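Using this note's numbering, the letters of the sequence shown correspond one by one to residues 629 to 839.
Beta carbons are placed, not taken as given, at the ideal position from N, Cα and C, and that holds for glycine.
These figures come from a predicted structure and were not determined experimentally.
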Amino acid sequence: MYVPPAFAETELTPLHAFIDAHPFALLITADGAGGAPLATPLPLIVAAAEGENGTLYGHFAKANPHGEQIFKSPSRAVFQGADAYISPGWYPSKQAHGKAVPTWNYSAVDVVGQAEPITEPDAMRALLSQLTAKFEAHRAEPWSLTDAPEAYIAAMLKGITAFKLPIAAIVGKIKLSQNRPPEDIAGVIAGLRGEGMPQAEAVADAMAKML
């Protein structure tokens with residue numbers, strides 16, 4: 629991922645926090661034969677303390693050919709946060725010199741690593757328990773694997789390919805108008821809040837936190 633220095637985030641703590649907050653990634657793996665890369669959208673969880681840069685965990689449906697290729701070639705996982713179009717009309721500086729063009733503000737984290745299979749049933753079950761615990765945690769009555777019959781879960785485990793991906797490289801691109809003067813940043817925040825859209829509001833909130 630191309631990351632200009634002004635937008636780069638390299639500290640592990642905020643990068644792991646971003647993944648935790650935006651776990652639905654696009655996982656991409658070269659096909660190994662010169663064809664188009666394989667890509668699968670899927671939720672991933674990060675074990676921040678595991679390995680030098682952390683380790684991602686996830687699983688595919690066993691019928692997905694990506695679940696075989698992922699162990700043969702390095703993969704890239706891209707996690708994206710809120711994004712929004714930025715109108716040059718929001719820059720006060722435009723009124724002075726007119727030198728402004730549209731752009732897009734967004735945040736993303738790019739992870740690269742070589743996946744390793746998880747085949748032991750207890751380890752697979754533990755992974756699914758962690759995934760469901762994370763995404764059910766906010767519910768009044770969270771669902772867990774123990775709510776389903778054991779034989780049913782055992783059958784479901786046979787239908788997935790589980791993996792871990794030790795993070796070899798990780799970088800964040802936090803493009804939130806940091807390259808603009810303070811008055812333009814304030815203008816963008818005001819413009820985004822005036823859009824009345826959740827995505828725009830989320831980008832405005834992220835920009836405000838950086839002031």
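Query                                                                                           : Result
Residues near Glu811 by beta carbon distance below 6 Å, same chain, minus five either side      : Pro720
Cβ-based neighbour list, Phe707, same chain, cut-off 6 Å, excluding 5 preceding and 5 following : Ile647, His650, Ala653 and Val737
Gln708 - partner residues in DSSP beta bridges                                                  : Ala736
Bridge partners - Thr683, DSSP secondary structure assignment                                   : Ala675 and Pro794
Contact under 9 Å by Cβ, Gly741 with Ala797                                                     : yes
Nearest-angstrom Cβ-Cβ length linking Thr668 and Ser701, presumed shorter than 8 Å              : About 14 Å; that fails the 8 Å criterion.
Unbroken alpha helix (DSSP H) run spanning Ala653, endpoints                                    : Per DSSP, Ala653 belongs to no alpha helix (DSSP H); it is in the beta strand (DSSP E), Phe652 to Thr657.
Pairwise C-alpha distance: Pro632 and Pro777                                                    : 51 Å
Nearest neighbour of Met752, chosen from Asp833, Ala765, Trp771 and Ile788 [CA to CA]           : Ile788
Length of the line joining the Cα atoms of Gly660 and Ser757                                    : 32 Å
Span separating the alpha-carbon of Met835 from that of Val674                                  : 25 Å
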